[in-house]
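Engineer: The structure under discussion is supplied below as structure tokens; questions concerning it will follow.
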Amino acid sequence: MNHKAVAVIGAGPAGLFAAKTLADNGMKVFLFNRDIRPGGLAEYGIYPEKYRLKTGLRKQFMGFLLHENILYFGNVDVGIDRDYSLSDLQEMGFSAILVTTGAQQIKHLGLEGENLPRVYHAWEIVSNYNDLPPYSQQNYPIGKRVVIVGVGNVMADIARYCINKGGVDEILAVARRGPAEIKFHETEFVHIAQNLDRTDFEAEIKRVTPLMLKMGQDPNETWAFVEKACENCDEIASSTNLRLRFLKSPSRFIGNEKDGLQRVEFVENTLIKTNHTTRAEATSLKTIFEADTVILAVGSSVDARVGLPVNKYEFSVSSFPEYPQEGLSYEVMDPVTEKNIPGIFVAGWSRLASYGLVGISGRDGTRGAQAALAYLQDHGKSVACEKIEDHVRGAEKPVIDKTMVEELLSIEAEIAIQRGLPDYKYSTNKEMLSALGIR
Numbered sequence: 010m011n012h013k014a015v016a017v018i019g020a021g022p023a024g025l026f027a028a029k030t031l032a033d034n035g036m037k038v039f040l041f042n043r044d045i046r047p048g049g050l051a052e053y054g055i056y057p058e059k060y061r062l063k064t065g066l067r068k069q070f071m072g073f074l075l076h077e078n079i080l081y082f083g084n085v086d087v088g089i090d091r092d093y094s095l096s097d098l099q100e101m102g103f104s105a106i107l108v109t110t111g112a113q114q115i116k117h118l119g120l121e122g123e124n125l126p127r128v129y130h131a132w133e134i135v136s137n138y139n140d141l142p143p144y145s146q147q148n149y150p151i152g153k154r155v156v157i158v159g160v161g162n163v164m165a166d167i168a169r170y171c172i173n174k175g176g177v178d179e180i181l182a183v184a185r186r187g188p189a190e191i192k193f194h195e196t197e198f199v200h201i202a203q204n205l206d207r208t209d210f211e212a213e214i215k216r217v218t219p220l221m222l223k224m225g226q227d228p229n230e231t232w233a234f235v236e237k238a239c240e241n242c243d244e245i246a247s248s249t250n251l252r253l254r255f256l257k258s259p260s261r262f263i264g265n266e267k268d269g270l271q272r273v274e275f276v277e278n279t280l281i282k283t284n285h286t287t288r289a290e291a292t293s294l295k296t297i298f299e300a301d302t303v304i305l306a307v308g309s310s311v312d313a314r315v316g317l318p319v320n321k322y323e324f325s326v327s328s329f330p331e332y333p334q335e336g337l338s339y340e341v342m343d344p345v346t347e348k349n350i351p352g353i354f355v356a357g358w359s360r361l362a363s364y365g366l367v368g369i370s371g372r373d374g375t376r377g378a379q380a381a382l383a384y385l386q387d388h389g390k391s392v393a394c395e396k397i398e399d400h401v402r403g404a405e406k407p408v409i410d411k412t413m414v415e416e417l418l419s420i421e422a423e424i425a426i427q428r429g430l431p432d433y434k435y436s437t438n439k440e441m442l443s444a445l446g447i448r
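Remember, this note's numbering sits 9 above the position in the sequence shown when you count from 1.
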């Protein structure tokens with residue numbers, strides 16, 4: 010039977026919510042996913058010990074996949090020189106393509122020494138401890154003195170990981186701006202608050218207080234935030250010392266290829282208030298901290314090899330959308346011609362890299378789908394969906410469908426029960442395929 014068909018690329022929160030919205034509105038949705046299992050950020054970005062949250066999301070997303078109008082194609086990579094290109098999908102007859110592949114590439118800072126051993130991007134560490142292939146099979150040695158650049162929720166997760174894994178004596182989390190601009194939530198900070206060096210933190214707040222007052226900021230609010238987190242903090246059998254530093258940006262990583270990272274140089278910042286916003290501005294002063302590991306928790310970049318034009322760390326989004334949703338643009342623009350690319354949409358972290366967690370990404374996926382639906386009212390034609398499905402599933406490599414995903418989750422849940430674990434999942438594609446009886 011012929012239907013209007015939409016290809017959704019990426020099965021993280023944005024892609025899954027988008028697929029459900031499209032399917033609920035009568036579209037046949039072909040959901041392509043590079044990974045075998047769906048979930049994206051929800052599966053491979055949430056801290057491993059958040060078992061209840063992860064289990065709930067898996068059930069919710071599996072419910073989405075079981076929609077009769079959604080076809081799932083796991084282990085299928087879309088992009089330049091991959092299983093299929095965007096042009097290939099257009100030639101198959103899809104009326105619209107919605108890209109929700111997230112922001113899974115390293116955001117390079119372009120600093121001296123950035124490629125030294127033990128200089129990592131947060132995405133590498135998070136993917137490693139969350140068992141995302143192939144990061145799950147790589148080794149990321151972490152030393153006794155860790156510097157984390159950035160003070161958002163990702164910093165809190167990585168600090169928690171370093172504290173729990175053992176062998177880390179001290180963690181220094183460094184913020185570009187001041188205490189009033191910290192981005193981590195109290196619900197995340199409680200897991201590391203016990204390890205905070207409160208004497209050191211008091212001295213650091215005292216150091217930046219004059220500038221905070223000049224900016225009209227109240228240091229007592231920062232203290233209240235920390236005090237509340239400390240009252241509700243987890244009890245951890247760890248002596249790791251956690252310190253925070255504000256108003257500093259990395260300027261150089263010092264070391265050598267043989268011994269790896271040894272020190273990190275920071276430039277001192279001040280705060281400037283313009284148009285009701287506060288931004289950091291570099292000064293001529295510099296500081297050097299001893300460190301043998303640095304983890305850059307400064308956000309990620311989209312993958313240019315998906316095949317869409319890129320603007321800095323995100324895909325190029327139209328400034329003049331024909332189908333805006335709640336005042337936001339989900340249409341892709343060619344920056345050379347400055348014209349919209351018909352039928353191509355982006356949502357989630359592909360639209361706004363590293364912004365928001367699962368709920369925000371999901372809602373953005375829904376809006377992206379609504380933009381595509383508005384476009385499809387005027388464009389697109391029905392295609393032979395069974396023919397497209399047969400073509401994709403006839404590929405030489407294993408293509409995972411939703412019944413296989415359901416079986417995989419069931420197998421892993423049974424293993425967890427047998428081993429007395431709160432959760433279990435395979436960490437390699439080979440293991441997942443083998444569990445499904447695919448060689």
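Where is the CB? At the ideal position from N, CA and C, for every residue including glycine.
A quick note: this is a predicted structure, and the numbers were derived from the prediction, not measured.
Take every Cβ of the region 73-91, pair it with every Cβ of the region 26-40, and state whether three or more of those distances are shorter than 8 Å.
Structural biologist: In short, these stretches touch, since the Cβ pair count reaches three.
Engineer: Could you check how far apart the C-beta atoms of residue 289 and residue 186 are, in whole angstroms? I think they sit under 8 Å.
Structural biologist: Rounded, the Cβ-Cβ distance is 5 Å, consistent with contact.
Engineer: Please indicate yes or no: does the CB of residue 364 lie closer than 7 Å to some heavy atom of the ligand GTP?
Structural biologist: Summarising the ligand content, the structure contains no ligands, and the ligand GTP is consequently not present.
Engineer: Which runs of the beta strand (DSSP E) fall wholly inside the region 244-281 and span at least 3 residues, in chain order?
Structural biologist: Within the region 244-281, the complete beta strand (DSSP E) runs of at least 3 residues are 250-254, 257-265.
Engineer: Taking C-beta to C-beta, are residue 107 and residue 356 nearer than 8 Å?
Structural biologist: Cβ atoms of residue 107 and residue 356: closer than 8 Å.
Engineer: Are residue 260 and residue 275 touching if we call contact CB-CB under 8 Å?
Structural biologist: Against a cut-off of 8 Å, the Cβ pair of residue 275 and residue 260 comes out as a contact.
Engineer: Opposite residue 94 in the DSSP bridges: which residues?
Structural biologist: DSSP lists no partner for residue 94.
Engineer: Please list, in chain order, all residues of the same chain as residue 176 whose beta carbon is under 7 Å from its beta carbon, the five residues on each side excluded.
Structural biologist: 153.
Engineer: Touching or not, the region 362-381 and the region 313-333, by the rule of three or more beta carbon pairs under 8 Å?
Structural biologist: Counting Cβ pairs under 8 Å, three or more are found: they touch.
Engineer: What residue range is occupied by the uninterrupted beta strand (DSSP E) comprising residue 81?
Structural biologist: First-last of the beta strand (DSSP E) with residue 81: 79-83.
Engineer: Taking the CB atoms as reference points, tell me whether residue 269 and residue 428 lie closer together than 8 Å.
Structural biologist: Going by C-beta atoms, residue 269 is not nearer than 8 Å to residue 428.
Engineer: Inspect the beta-carbon positions of residue 26 and residue 308 and report whether they are closer than 8 Å.
Structural biologist: No, the Cβ-Cβ distance between residue 26 and residue 308 is not below 8 Å.
Engineer: What's the C-alpha gap between residue 214 and residue 228?
Structural biologist: Roughly 7 Å between the two C-alpha positions.
Engineer: Taking the beta strand (DSSP E) that residue 41 belongs to, which residues open and close that run?
Structural biologist: It spans 37-42 - the beta strand (DSSP E) in which residue 41 sits, taken as one unbroken run.
Engineer: In terms of alpha-carbon separation, which member of 59, 169, 376 lies closest to residue 358?
Structural biologist: If we check each option's Cα against that of residue 358, 376 comes out closest.
Engineer: Could you tell me the distance, in whole angstroms, from the CA atom of residue 341 to the CA atom of residue 44?
Structural biologist: Roughly 24 Å between the two C-alpha positions.
Engineer: What number of angstroms, rounded off, separates the C-alpha of residue 272 from the C-alpha of residue 88?
Structural biologist: Between residue 272 and residue 88, the C-alpha separation is close to 38 Å.
Engineer: Where does residue 298 fall in DSSP's three states?
Structural biologist: Strand.
Engineer: Between 170, 235, 112, which lies nearest to residue 199 when the distance is taken from Cα to Cα?
Structural biologist: Answer by Cα proximity: 235.
Engineer: Apply the 10 Å Cβ neighbour rule to residue 352 and answer buried if 16 or more other Cβ atoms are within range, or exposed otherwise.
Structural biologist: Buried, by the Cβ-count rule.
Engineer: What number of angstroms, rounded off, separates the C-alpha of residue 21 from the C-alpha of residue 219?
Structural biologist: One C-alpha to the other measures close to 44 Å.
Engineer: Pull the bridge partners of residue 353 from the DSSP assignment, please.
Structural biologist: According to DSSP, which records beta bridges pairwise, residue 353 is partnered with 106.
Engineer: Give me the Cβ distance between residue 109 and residue 182, rounded to the nearest whole Å; I'm assuming they're in contact under 8 Å.
Structural biologist: No, residue 109 and residue 182 are not in contact; Cβ-Cβ is about 30 Å, not under 8 Å.
Engineer: Rounded to whole angstroms, what is the Cα-Cα separation between residue 52 and residue 255?
Structural biologist: Cα to Cα, the separation comes out at about 32 Å.
Engineer: Would you kindly report the start and end of the unbroken beta strand (DSSP E) that includes residue 166?
Structural biologist: It is not in any beta strand (DSSP E) - residue 166 instead sits in the alpha helix (DSSP H) that spans 162-174.
Engineer: Run through DSSP, which three-state label would residue 141 get?
Structural biologist: DSSP places residue 141 in coil when its eight states are reduced to three.
Engineer: List in chain order: all unbroken beta strand (DSSP E) runs of 3+ residues lying wholly within the region 300-325.
Structural biologist: Counting whole runs of 3 or more residues, the region 300-325 contains the beta strand (DSSP E) stretches 302-305.
Engineer: Counting C-beta neighbours from all protein chains within 10 Å, is the total for residue 207 16 or more, i.e. buried, or is it exposed?
Structural biologist: It is exposed - the Cβ of residue 207 has fewer than 16 other Cβ atoms within 10 Å.
Engineer: Excluding the 5 residues flanking residue 194 on each side, which residues of the same chain have their C-beta closer than 7 Å to its C-beta?
Structural biologist: Result list for residue 194: 162, in chain order.
Engineer: Any idea which residues DSSP pairs residue 343 with across the strands?
Structural biologist: Its beta-bridge partners are 348.
Engineer: Between the alpha carbons of residue 397 and residue 96, how many angstroms are there, rounded?
Structural biologist: Each residue's Cα considered, the two are about 14 Å apart.
Engineer: Can you tell me where the beta strand (DSSP E) holding residue 179 begins and where it ends?
Structural biologist: Taken as a continuous stretch (DSSP letters only), the beta strand (DSSP E) holding residue 179 covers 179-183.
Engineer: Among the candidates 295, 139, 159, 436, whose CA atom is the shortest distance from the CA of residue 55?
Structural biologist: Among 295, 139, 159, 436, the Cα nearest to that of residue 55 belongs to 139.
Engineer: Give the DSSP-derived three-state secondary structure of residue 386 in the structure shown.
Structural biologist: Three-state result, residue 386: coil.
Engineer: From this set, 318, 155, 239, which residue's C-alpha is nearest residue 196's C-alpha?
Structural biologist: Ranking 318, 155, 239 by Cα distance to residue 196 puts 239 first.
Engineer: With a threshold of 8 Å on Cβ separation, who are the neighbours of residue 123 within its own chain once the five nearest residues in sequence on each side are excluded?
Structural biologist: So the qualifying residues of the chain are 117, 262.
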